Structures are given as structure tokens and as C-alpha cells.
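Those letters in the sequence shown? Residues 8 to 305, by the working numbering.
In what follows, a structure is listed as C-alpha cells, so that the remarks can point back to it.
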Amino acid sequence: AAAGLDLAKLEVEARSPKFRPVELKGVTLHADIPVQPEVVTSHNVLGKITGSKRPDEVVMFGAHWDAYGEGKPDAQGRIYRAGANDDALGIAGLFEIARSLKSGPAPERSVVFGLWTAEERGLLGSEYYAANPVYPMERTVANLALDILQTAGAAKDVVLVGKGQNTLEDDMARVAATQGRTVTPESLPERGLFYRADHFSFAKRGVPVMLLMGIAGASDLRQGGVAAGQAWIDAYTGQCYHQACDAWGPDWKLDGAVQDIALTGIIGAELANSTRWPQWKPGSEFKAIRDKSGAPKE
Numbered sequence: 008a009a010a011g012l013d014l015a016k017l018e019v020e021a022r023s024p025k026f027r028p029v030e031l032k033g034v035t036l037h038a039d040i041p042v043q044p045e046v047v048t049s050h051n052v053l054g055k056i057t058g059s060k061r062p063d064e065v066v067m068f069g070a071h072w073d074a075y076g077e078g079k080p081d082a083q084g085r086i087y088r089a090g091a092n093d094d095a096l097g098i099a100g101l102f103e104i105a106r107s108l109k110s111g112p113a114p115e116r117s118v119v120f121g122l123w124t125a126e127e128r129g130l131l132g133s134e135y136y137a138a139n140p141v142y143p144m145e146r147t148v149a150n151l152a153l154d155i156l157q158t159a160g161a162a163k164d165v166v167l168v169g170k171g172q173n174t175l176e177d178d179m180a181r182v183a184a185t186q187g188r189t190v191t192p193e194s195l196p197e198r199g200l201f202y203r204a205d206h207f208s209f210a211k212r213g214v215p216v217m218l219l220m221g222i223a224g225a226s227d228l229r230q231g232g233v234a235a236g237q238a239w240i241d242a243y244t245g246q247c248y249h250q251a252c253d254a255w256g257p258d259w260k261l262d263g264a265v266q267d268i269a270l271t272g273i274i275g276a277e278l279a280n281s282t283r284w285p286q287w288k289p290g291s292e293f294k295a296i297r298d299k300s301g302a303p304k305e
């Protein structure tokens, strides 16, 4: 009102794709916010299997090892128990993928496992690595991330986060079909999960990415269907997401998580033993970055 605008009218106009930001002319804000700086040192952890033929080309898997540590005393205690699902389960998935790859012949390309710190503080660990990469971004073939996997059982589908971004979604569909599964686009895009996990630090540098995240949409569970999948999301996000109760429980059914870990591992292994370079699709905001980097087109 102070800027001479009608908020109710603007709210209606904002529903149109043609809507653009409106300047609040003549309105200013002054604030004095005290800040107490603190330096905290933490660490990313990298593991590597060196490629046998093209060691300078890197396929990267990622998950974050941090959680919320200690919280205020409550009935559940103060310790957040490392975030059993978010993201200790993702870390466990990386160990299984690494164990599988290490048990056979060395892949043609190098495979790097990134265990990131400070994801819960704003993707700080993965962002630091992406800004100071050990392996050049233009030689990083793809980044495959595990961050929260559903623990409600085997599913008929796999949830795609970021539909239309890059060709890894085509790989997802093909490999999922061998598991007897289909691909379902995320049903909660308003949560912006494609822009909120560690893979995003790599996407911003043009590296094609794929994220498996159980809270992006309801899985079509083999027992209970989509309704059961949504019930799991509602229970997890409503009770234990970023809370002290994010701990393993006897009710966990890991069949679905195993499906997603296996799918991610298969796609990564295929890339590690090929000359293929995933590409951003036309219209992706990250395509131009990759094109300018000098990374191979195919």
C-alpha cells in the first residue's frame, strides 16, 4: 500500500506465466543485524578407483555425511544420530556401490566417491569442492547423488527429480525397466529439491547430474501403491525429517532403497566403462555452461 500497489490484485496477476517482478517504488528498509562470525573446520572425504584406460575422465557418486548433531533437550534426546536416512543411508549406498565396483576389474574411467560435509548448512562441502575441484569439472562425466531414500519397501517406479534436464533421465528409464520399474516425475516440484542437494553444486558448473531422493514424490509401492508411498513421505517429513528421530527402526523396509542404489550403481558403472558423455537437454539452464567448458559433446 505504501508503494501505491494493490497486493490482492498482484496475487491474481502472479498466477500468470507472464508475470514479472514489480518494484516497490519509494519504499525502503533499514535493518541493523548483529553477526557473530565463527570459523568451523570440517572435511569432505574422497575415495577413488583409478580408471584403467581413461583415468583423467571421472564418474562421481555423492552423498553427505553430516546431519544436525546435537539439538535442544526433548523426549527423544539431544543427539540427531547422524541422520540415519538423511543421509547415512545414502553413504551406505555409496559403500555398496564402491564395494561392487572394486570387486571386479578396474573401470575404464576413474570413479570418485564424494562424501560431503555441511550439506545441511547450505551445500557447503560440495560447493567448496566444486569451486576447488580435485578433478576438473570439464572431465567429470556425471555426478550421481543419493540423498534420502524411501524406507517403505519395494516400488513399481523410481521418482525422477528434475524432469527434462539431461540425458541421465533416459538412462534411468532404461535401467529401471530392467528392474521391472517405470519412471515417475517428482510430484512435489514446488519443494525445489533439484536445487537443494549436493548434486546442484556440480550442475551449476555444467556437470550432468542425477539425484535419487525419496521425498521428491510418492513411490508406487508394491504393497499399498501410491497411497502408501505418500503416507511414508507424510510420516517422515512430518515427524523425523531434520529431527532427532531420524534413526534406524525395525519398521524399515529397505527393498526400495536397494532398488535405487542398484539403479544408481548400474548407471555409474556403465558410464565408467564407456566413452559416452551425458548431455544437458535443450532448454536446460545448465547446457550453456557445459558447452562453454570444453567437455566432450558425446
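Glycine included, each C-beta is placed from N, C-alpha and C at the ideal position.
Keep in mind the model is a prediction, meaning the values are calculated, not measured.
Going by alpha carbons, who is nearest to residue i out of the options?
i: V190; options: L167, S208, F201, D178; result: L167
i: Y135; options: D262, D205, D253, V233; result: D205
i: D258; options: I273, I98, G272, G160; result: G160
i: K55; options: A95, G33, V118; result: V118
i: G171; options: D164, M217, K304; result: M217
i: T124; options: A251, A162, H50, A295; result: H50
i: A210; options: H249, G221, S300, A276; result: S300
i: V29; options: E18, A138, E305, L36; result: E18
i: L261; options: D39, L151, G97; result: G97
i: L270; options: V165, P140, A15; result: V165
i: L365; options: R22, P24, G263, L31; result: No answer is possible for residue 365: it lies beyond the span of the chain, which begins at 8 and ends at 305.
i: P183; options: G263, K16, M144, A15; result: Looking at the sequence itself, residue 183 is Ala, so the reference to Pro does not match. Measuring from the Cα of A183, the nearest candidate turns out to be G263.
i: K163; options: Q186, M144, A152; result: Q186
Under 6 Å Cβ to Cβ from residue i, same chain only, skipping five residues before and after it: list those, please.
i: A235; result: L228
i: L101; result: F68, A70, F120
i: N280; result: P114, E115
i: P62; result: S117
i: L200; result: V168, M220, A223
i: L36; result: none
i: D57; result: Just to set this straight, residue 57 is Thr in the shown sequence, not Asp. Excluding residues within five positions, the ones whose Cβ falls inside 6 Å are S117.
i: L151; result: F68, M217, T271, G275
Please go through the same chain and pick out, in chain order, the residues whose beta-carbon is closer than 8 Å to the beta-carbon of residue i, but skip the five residues on each side of it.
i: P285; result: V148, A149, N173, T174, L175, D178, P215, L278
i: E20; result: F26
i: S59; result: P112, A113, P114, E115
Is the closest heavy atom of the ligand HEM to the C-beta of residue i under 6 Å?
i: E176; result: Among the components modelled here there is no ligand, and therefore nothing to report on the ligand HEM.
Assuming residue i contacts residue j (C-beta within less than 8 Å), just tell me the rounded distance between them.
i: S133; j: S208; result: 4 Å
i: L122; j: W72; result: 5 Å
i: R146; j: E64; result: 6 Å
i: E126; j: I268; result: Contact flag wrong, Cβ pair sits at about 18 Å.
i: V34; j: A74; result: The Cβ separation is near 40 Å, so there is no contact.
i: R203; j: Q266; result: At roughly 23 Å, the Cβ-Cβ gap does not stay under 8 Å, so R203 and Q266 are not in contact.
i: A91; j: W255; result: 5 Å
i: G275; j: V66; result: 5 Å
i: Y248; j: D39; result: That belief does not hold up - the Cβ atoms of Y248 and D39 are roughly 34 Å apart, past 8 Å.
i: V141; j: L53; result: 7 Å
With DSSP as the reference, identify every bridge partner of residue i, one or two as the case may be.
i: A70; result: L122
i: D164; result: T189
i: W287; result: N173
i: M144; result: According to DSSP, which records beta bridges pairwise, M144 is partnered with nothing at all.
i: K55; result: V119
i: R61; result: R116
i: V216; result: N150
i: A159; result: K260
i: G97; result: DSSP, once it has assigned bridges, lists no residue as partnering G97.
i: L228; result: A162, G232
Closer than 7 Å by C-beta to residue i: which residues in its own chain qualify, once you throw out the five before and the five after it? Chain order, please.
i: E225; result: The sequence shown places Ala at residue 225, not Glu. Excluding sequence neighbours, A225 sits near S194, V233, G236, Q237, I240.
i: R297; result: G213, W287
i: Q230; result: G160
Sufficient close CB pairs (3 or more, under 8 Å) joining the region 107 to 126 to the region 233 to 250: no
The region 291 to 302 touching the region 156 to 164, judged by at least three CB pairs closer than 8 Å: no
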